[in-house]
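For reference, the structure discussed in these notes is given below.
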Amino acid sequence: MTSIAVFASGNGSNFQAIIDAIQSGDLAAEVKLLVCDKQDAFVLKRAKQSGIDTFAFQPKAYASKAAFERQIAAELEKLKIEYLVLAGYMRLIGPTLLERFSNKIINIHPSLLPAFPGIDAIGQALRAGVEETGVTIHFVDEGMDTGPIIAQKRVKVCSKDTEETLAAKIHELEHRFYPATLQQLFHQASEGAEHGKKSVN
Ligand code: GAR
Numbered sequence: 001m002t003s004i005a006v007f008a009s010g011n012g013s014n015f016q017a018i019i020d021a022i023q024s025g026d027l028a029a030e031v032k033l034l035v036c037d038k039q040d041a042f043v044l045k046r047a048k049q050s051g052i053d054t055f056a057f058q059p060k061a062y063a064s065k066a067a068f069e070r071q072i073a074a075e076l077e078k079l080k081i082e083y084l085v086l087a088g089y090m091r092l093i094g095p096t097l098l099e100r101f102s103n104k105i106i107n108i109h110p111s112l113l114p115a116f117p118g119i120d121a122i123g124q125a126l127r128a129g130v131e132e133t134g135v136t137i138h139f140v141d142e143g144m145d146t147g148p149i150i151a152q153k154r155v156k157v158c159s160k161d162t163e164e165t166l167a168a169k170i171h172e173l174e175h176r177f178y179p180a181t182l183q184q185l186f187h188q189a190s191e192g193a194e195h196g197k198k199s200v201n
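Positions 1 to 201 (full-length UniProt numbering) are the ones given, in order, by the sequence shown.
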C-alpha cells in the first residue's frame, strides 16, 4: 500500500475524490497526512470528517520556505510517506522537499500544460478563446506547473461556456482522472520494485 500525503490550500474536492477512490477500492493507497497552508481552508474540515491527520501551517510564521518545508519534511519522514500528491496546493515546492522526494511529487493542473500555467488556468483559457483545454497530471520540479507530464485529458470549450460551466466540466474530469492516474502510477512503481527484487534474488 502506497503511503501518501496530500497537499491542498482550498476547497479540497480533489482530496475528497482521492479519499473516496481509496474507500471504494479503486485506489490502493493510504492518505496518512493532509498538509495545508491555510488555517481556514475547507479541505481541513474534509480531513477531519474522514479522520485524516492534518498539518496546517501559516507560512508567514516561519522565517523562510526552507524553514516550513523542513518541518513538513520531518512530519512526512515520521509517517514514512512515499509520495506527495498536490491537489490545489497553490504554492511552489522548494528545494528542501524536492531533494527529499525526488520524482515523488505529483501535481494536477486544470489546463493542457504548457498552456496556461499558474493561477486561474480555467479563466485564462476562456479569455484566450481556445476551443479546447483540459487537465494535466505531472511530476513537480522547481518551476510553476512545469515538470515531466504523466497524463493529459482534453475538455472541449463551447461558445456558451462561462467560467462556472467550464470549471464544472474540468473538476468532474479531475475527480475521476487524478485517482485513476495515481493508481496506475503506484501500481507500475510497485511492479517495478518487485522486478527489482526478483533480479537481485
Ligand atoms: C483544481 O482544479 C486543481 O487542478 C487546481 O486547483 C484546483 C483545486 O480544487 N490546481 C492548480 O491550479 C495548480 N496550479 P480543489 O481544492 O477543489 O481540489
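The C-beta atom is built at its ideal place from N, Cα and C for all residues, glycine as well.
Keep in mind that this is a model prediction, so the values were computed, not measured.
Cβ-heavy atom distance, residue i to the ligand GAR, below 7 angstroms
i: residue 174; result: yes
i: residue 52; result: no
i: residue 202; result: What the structure shows of the chain is the stretch from 1 to 201, and residue 202 is not part of that stretch, so it cannot be assessed.
i: residue 145; result: yes
i: residue 193; result: no
i: residue 123; result: no
i: residue 171; result: yes
i: residue 7; result: no
First through last residue of the alpha helix (DSSP H) which encompasses residue i
i: residue 3; result: Unbroken run through residue 3 is the beta strand (DSSP E), 2-8; no alpha helix (DSSP H).
i: residue 74; result: 65-78
Opening and closing residue of the beta strand (DSSP E) in which residue i lies
i: residue 55; result: 54-56
i: residue 107; result: 105-109
i: residue 31; result: 29-36
Residue i and residue j closer than 8 angstroms at C-beta
i: residue 112; j: residue 134; result: yes
i: residue 4; j: residue 29; result: yes
i: residue 137; j: residue 181; result: yes
i: residue 126; j: residue 163; result: yes
Residue i CB to nearest heavy atom of the ligand ATP below 7 angstroms
i: residue 108; result: In the structure on display, the ligand ATP does not appear, and the ligands it does have are the ligand GAR.
Legend entry - the region 57-70 touching the region 13-25, judged by at least three CB pairs closer than 8 angstroms: no
Legend entry - Inter-stretch contact (C-beta, 8 angstroms, three-pair minimum) for the region 143-157 and the region 100-117: yes
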